[in-house]
Amino acid sequence: MDARLEAIRDTVLARNPGEAEFHQAVVEVFESLGPVHDRHPEFLEAAILERLCEPERQIIFRVPWTDDQGRVQINRGFRVEFNSALGPYKGGLRFHPSVYLGIVKFLGFEQIFKNALTGMPIGGGKGGSDFDPRGRSDAEVMRFCQSFMTELYRHIGEYTDVPAGDIGVGGREIGYLFGQYKRITNRYESGVLTGKGISWGGSLVRPEATGFGTVIFTEEMLKTRGTSFDGQRVVVSGSGNVAINAVAKAQSLGATVVACSDSSGYIVDEAGIDVGLLRQVKELERGRLKDYALRRSGVAYVEAGSVWDVDATVALPCATQNELDGDAAARLVRNGLVAIGEGANMPSTREAVAVFQEAGVLFGPGKAANAGGVATSALEMQQNASRDSWSFEHTEQRLTDIMVGIHHRCASTADEYGEPGNYVLGANIGGFVKVADAMLAQGLI
Ligand code: NDP
Numbered sequence: 002m003d004a005r006l007e008a009i010r011d012t013v014l015a016r017n018p019g020e021a022e023f024h025q026a027v028v029e030v031f032e033s034l035g036p037v038h039d040r041h042p043e044f045l046e047a048a049i050l051e052r053l054c055e056p057e058r059q060i061i062f063r064v065p066w067t068d069d070q071g072r073v074q075i076n077r078g079f080r081v082e083f084n085s086a087l088g089p090y091k092g093g094l095r096f097h098p099s100v101y102l103g104i105v106k107f108l109g110f111e112q113i114f115k116n117a118l119t120g121m122p123i124g125g126g127k128g129g130s131d132f133d134p135r136g137r138s139d140a141e142v143m144r145f146c147q148s149f150m151t152e153l154y155r156h157i158g159e160y161t162d163v164p165a166g167d168i169g170v171g172g173r174e175i176g177y178l179f180g181q182y183k184r185i186t187n188r189y190e191s192g193v194l195t196g197k198g199i200s201w202g203g204s205l206v207r208p209e210a211t212g213f214g215t216v217i218f219t220e221e222m223l224k225t226r227g228t229s230f231d232g233q234r235v236v237v238s239g240s241g242n243v244a245i246n247a248v249a250k251a252q253s254l255g256a257t258v259v260a261c262s263d264s265s266g267y268i269v270d271e272a273g274i275d276v277g278l279l280r281q282v283k284e285l286e287r288g289r290l291k292d293y294a295l296r297r298s299g300v301a302y303v304e305a306g307s308v309w310d311v312d313a314t315v316a317l318p319c320a321t322q323n324e325l326d327g328d329a330a331a332r333l334v335r336n337g338l339v340a341i342g343e344g345a346n347m348p349s350t351r352e353a354v355a356v357f358q359e360a361g362v363l364f365g366p367g368k369a370a371n372a373g374g375v376a377t378s379a380l381e382m383q384q385n386a387s388r389d390s391w392s393f394e395h396t397e398q399r400l401t402d403i404m405v406g407i408h409h410r411c412a413s414t415a416d417e418y419g420e421p422g423n424y425v426l427g428a429n430i431g432g433f434v435k436v437a438d439a440m441l442a443q444g445l446i
């Protein structure tokens, strides 16, 4: 790392103790930024990096609710409003027992650069709770969401901060959150949340956007080597919103997706995943992958082990952070991996990224590859602002154009800085320069 940036990094890490994921995200970005500061000493003088690493605002709050037995439950809610240089804070809410400030900050920090790369007018933020929706009834989830919004509502708004979904937050949760926001404020403010239902202000393609976008970005990477998804053998991790739609899109382009996972195990379906059955089990029934294997012949279900044991030419990690370590990366490379597109945020550890890059595997980092979700959220905001709703075809074309544009921005930035094919560097520098320029223009705030 550049010596000038090392001192800033050390200060940031010391100021934010015990936040391992945030540290990891910061270090990864800093490692790319030395050459930018050679060209732009004004960024150092204006302390852009120090300011970027300090969220503009952080909110932590109590979320009391009652379960179906009438017992009082207490969770912790978070919203980190990281950077508004390019637009209102924008980023999802995650409901998962592992959520704490360090995870919300890593996600919010990444979101700043990701949102800049989309070219849309959105700043970076993230939020969530350590609430676990798994195994909870709809009524419990509704009471939790209502309590969560009873505090959050005062901090958000279509011109201020616009949350969306993430792990554990899908259409059901966004509905309950929107309903409570409307009730408290007495305003039908469509643009305050994205990921809404189609009949009440949502956008077509938003549910598919992150998974589709990841595949579109990966297809663009494959094209640079004269190949495509057609005929590839693909492994996907996760079986939630991002994973299912990545499976669907990859198969529509001619790939065979042979495996996917949930937090209990993984399935291997050599004939290619049946997307309809996967949606039925995971989305409609909120069931487990084990049930998929029970209902389709020729499918193996593996309870222990890692989905990365399955050989593939293309890997799409779409579950969670640090799910793919250096050993798994080395195994994938030995088994013939050509490309990896991160649908999840920071799913590959630092060691794994180094293995992929040394082996010359095409590596699309999450902040570029999974930006299709937030980009389509921004398209939802556009439709809300103009009281319009676009067709599936039009919206999907916009998404495709945006993902091709992000790929181009990353690739051309990597070329410009003398590291062709280094999408990590391209994404970090491409996003950073845009935000840094806007921060300089807006003065010391
Ligand atoms: P979902 O909640 O819909 O699905 C998450 C999937 O990952 C589930 O299959 C879940 O398993 C699995 N999973 C979650 N946590 C763990 C864990 N700790 N260990 C193993 N498996 C786990 O979430 P999304 O699909 O929305 O999000 C997946 C990833 O994509 C996240 O990293 C998220 O930040 C990122 N992302 C999401 C966007 C979106 O638009 N939704 C946008 C950009 C990025 P199980 O079913 O057992 O719970």
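Going by our numbering, the residue at position 345 of the sequence shown is 346; the numbering climbs one at a time, nothing skipped.
Think of the CB as a built atom: it goes at the ideal place given N, C-alpha and C, for glycine as much as any other residue.
Because the structure is a prediction, the values reported are computed rather than measured.
For HIS97, verify whether its CB is less than 7 Å away from any heavy atom of the ligand NDP. Against the sequence shown, residue 97 aligns to sequence position 96. Yes, the beta carbon of HIS97 sits closer than 7 Å to at least one heavy atom of the ligand NDP.
Residues near LEU290 by beta carbon distance below 8 Å, same chain, minus five either side: Position 289 of the sequence shown, counting from 1, holds the residue named residue 290. The residues are SER240, CYS261, SER262, ASP263, SER265, GLY266, TYR267, ILE268, VAL282, LYS283, TYR302.
At the level of alpha carbons, what is the spacing between ALA345 and GLY124? Sequence index remark: in the sequence shown, residue 345 carries index 344 (1-based). Sequence index remark: in the sequence shown, residue 124 carries index 123 (1-based). Taking the straight line joining both Cα atoms gives about 20 Å.
Starting from ASN76 and walking both ways along the beta strand (DSSP E), at which residues does that stretch end? If you number the sequence shown from 1, residue 76 lands on position 75. Looking at the DSSP string, the run of the beta strand (DSSP E) that includes ASN76 is 73–84.
One or two residues paired with ALA330 in a DSSP bridge: Numbered from 1 along the sequence shown, position 329 holds the residue referred to as residue 330. Looking at the DSSP assignment, ALA330 forms no beta bridge with any residue, so it has no partner.
Please state whether DSSP places SER138 in a helix, a strand or coil. Position 137 of the sequence shown, counting from 1, holds the residue named residue 138. Here SER138 sits in coil by DSSP.
Touching or not, the region 98–114 and the region 39–49, by the rule of three or more beta carbon pairs under 8 Å? no
Own chain residues within Cβ distance below 8 Å of VAL64, not counting five before or after: The residue given as residue 64 occupies position 63 in the sequence shown. For VAL64, where only same-chain residues beyond five positions count, the Cβ hits under 8 Å are ILE75, ASN76, ARG77, GLY78, SER130, PHE132, PHE145, SER148, PHE149, GLU152.
Quick check on the burial criterion: 16 or more other C-beta atoms within 10 angstroms. Buried or exposed for PHE393? Here residue 393 refers to the residue found at position 392 of the sequence shown. Exposed, by the Cβ-count rule.
Using a 10 Å radius around the Cβ and a threshold of 16 neighbouring Cβ atoms, would you call VAL73 buried or exposed? Walking along the sequence shown from the start, residue 73 turns up at place 72. Exposed, because fewer than 16 other Cβ atoms sit within 10 Å of the Cβ of VAL73.
Segments assigned beta strand (DSSP E), at least 3 residues, entirely inside the region 245–286: 257–262, 267–270
Assuming GLN322 and GLU22 make a contact with CB atoms under 8 Å, what is their CB distance in whole Å? Taking the first residue of the sequence shown as 1, we reach residue 322 at position 321. Taking the first residue of the sequence shown as 1, we reach residue 22 at position 21. Rounded, the Cβ-Cβ distance is 6 Å, consistent with contact.
Span separating the alpha-carbon of VAL142 from that of ARG173: Start at 1 with the first residue of the sequence shown, and residue 142 comes out as number 141. Start at 1 with the first residue of the sequence shown, and residue 173 comes out as number 172. One C-alpha to the other measures close to 9 Å.
What residue from LEU338, VAL243, GLU29, TRP309 has the CA that sits closest to THR215's CA? Counting from 1 along the sequence shown, the entry for residue 215 is found at position 214. Nearest C-alpha to THR215: VAL243.
Verify the contact flag: ALA386, CB atom, against every heavy atom of the ligand NDP, threshold strictly below 7 Å. Position 385 of the sequence shown, counted from the first residue, corresponds to residue 386. Answer for ALA386: no, Cβ out of range of the ligand NDP.
Leaving aside the five residues before and after ALA294 along the sequence, list all residues of the same chain whose C-beta is less than 6 Å from its C-beta, in chain order. Reading the sequence shown from its first residue, position 293 is the one you call residue 294. For ALA294, where only same-chain residues beyond five positions count, the Cβ hits under 6 Å are ILE268, VAL300, TYR302.
Here's the rule I'm using: 16 or more other beta-carbon atoms within 10 Å means buried, otherwise exposed. How should ARG155 be labelled? Along the sequence shown, one-based indexing puts residue 155 at 154. Label assigned to ARG155: exposed.
Could you tell me the alpha carbon to alpha carbon distance between SER390 and GLU381, rounded to whole angstroms? Looking up residue 390 in the sequence shown gives position 389. Looking up residue 381 in the sequence shown gives position 380. Roughly 8 Å between the two C-alpha positions.
Per DSSP, the bridge partner or partners of LEU94: Residue 94 sits at position 93 when you count from the first residue of the sequence shown. Answer by DSSP bridge pairing, in chain order: GLY128.
List the residues that DSSP assigns as beta-bridge partners of ALA165. Looking up residue 165 in the sequence shown gives position 164. Note: ALA165 sits in a beta bridge opposite GLY93.
Can GLY344 be considered in contact with the ligand NDP, in the sense that its beta carbon sits closer than 7 Å to one or more heavy atoms? Here residue 344 refers to the residue found at position 343 of the sequence shown. Because some heavy atom of the ligand NDP lies under 7 Å away, the Cβ of GLY344 counts as near it: yes.
How close, in whole Å, do the beta carbons of ARG207 and THR377 come, if the pair is a contact with beta carbons under 8 Å? Counting from 1 along the sequence shown, the entry for residue 207 is found at position 206. Counting from 1 along the sequence shown, the entry for residue 377 is found at position 376. Sure, about 5 Å apart at Cβ, within 8 Å.
So, do the region 330–350 and the region 187–205 have three or more beta carbon pairs nearer to each other than 8 Å? no
When every heavy atom of the ligand FAD is checked, does at least one fall within less than 7 Å of the C-beta of THR321? Of the ligands this structure carries, namely the ligand NDP, none is the ligand FAD.
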